[in-house]
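Comments concern the structure below.
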Amino acid sequence: MTAAVPAPAPSAVVDRIMAVMEAAFDPAYGEAWNRRQVADALLLANTHALVVDAAGAAIPDSAGETGAPAGFVLTRHVLDEEELLLIAVSPDARRRGVGAALIEQLFAAALARGTARIFLEMRRGNPAIHLYRKFGFEPIGERRNYYRMANGERIDAITFARSIQ
Ligand SMILES: CC(C)(COP(=O)(O)OP(=O)(O)OC[C@H]1O[C@@H](n2cnc3c(N)ncnc32)[C@H](O)[C@@H]1OP(=O)(O)O)[C@@H](O)C(=O)NCCC(=O)NCCS
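With the working numbering as the guide, the letters of the sequence shown map in order to residues 52 to 216.
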């Protein structure tokens with residue numbers, strides 16, 4: 052029997068994610084994914100992307116070439132756990148609730164697919180911690196010197212978790 056091959060994510064979805072990705076991440080930390088990594092990740096049936104506009108409204112995958120993206124979140128679920136892989140908002144759309152809208156919509160979508168707990172990992176010192184704490188993520192562990200910056204320096208990783216059921 053041949054395994055079903057999932058359909059690739061529409062390239063407009065990858066385009067929208069990459070438009071935010073390329074603006075949002077500081078190259079010093081090497082956190083941004085390239086187009087190939089995003090497209091490959093979205094081939095996996097358990098990997099989910101949510102893209103929103105500057106008003107925090109979801110842009111449906113079917114939107115074709117339309118829709119001006121301001122933020123996205125990528126997650127992967129396994130059984131009843133989900134890992135937040137990346138969240139980003141374009142610099143010119145920050146501090147206007149777009150990140151909060153992404154987290155709220157993620158919680159709703161994750162709950163609907165049976166997720167009980169969401170995990171994420173963050174480099175120590177990332178201001179994203181304020182968003183995560185606001186939404187009830189609690190630190191549950193640390194990995195010393197886990198990330199390596201572009202200049203070779205090491206930064207700890209902090210793991211957070213949040214129950215949503
Ligand atoms: C983290 C990030 C997604 C937040 O997006 P955002 O749209 O600015 O977040 P919001 O406006 O919804 O913020 C909601 C709340 O989170 C907190 N918050 C968000 N960013 C903050 C910051 N830089 N400093 C302090 N608090 C912050 C605040 O409590 C804020 O509410 P307030 O503005 O009413 O005070 C965005 O800064 C970003 O893309 N960063 C670069 C990418 C990144 O490092 N992602 C995380 C690792 S994958």
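Where is the CB? At the ideal position from N, CA and C, for every residue including glycine.
query: Coil, strand or helix - residue 193 by DSSP; result: strand
query: Whether residue 171 touches residue 216 by CB criterion (8 Å); result: no
query: Cβ-based burial, residue 71 [other Cβ within 10 Å; buried from 16]; result: buried
query: Enclosing alpha helix (DSSP H) for residue 173 [first to last residue]; result: Not the alpha helix (DSSP H): residue 173 falls in the beta strand (DSSP E), residues 168 to 174.
query: Contacting residues, own chain, Cβ-Cβ under 7 Å from residue 74 (five flanking each side not counted); result: 141 and 142
query: Residues near residue 218 by beta carbon distance below 6 Å, same chain, minus five either side; result: A query on residue 218 cannot be resolved here, the shown segment of the chain reaching from 52 to 216 and no further.
query: CA-to-CA distance, residue 150 to residue 108, given in whole angstroms; result: 11 Å
query: Neighbour-count burial assignment, residue 52, 16 or more Cβ in a 10 Å radius; result: Per-residue confidence for residue 52 stands at a pLDDT of 49, beneath the threshold of 50, marking its modelled position as unreliable; no derived number is given.
query: Contacting residues, own chain, Cβ-Cβ under 7 Å from residue 194 (five flanking each side not counted); result: 207 and 208
query: Contiguous alpha helix (DSSP H) assignments of at least 4 residues, all confined to the segment 56 to 131; result: 62 to 75 and 86 to 92
query: Top-ranked residue by Cα proximity to residue 145, from 184, 105, 197 and 64; result: 105
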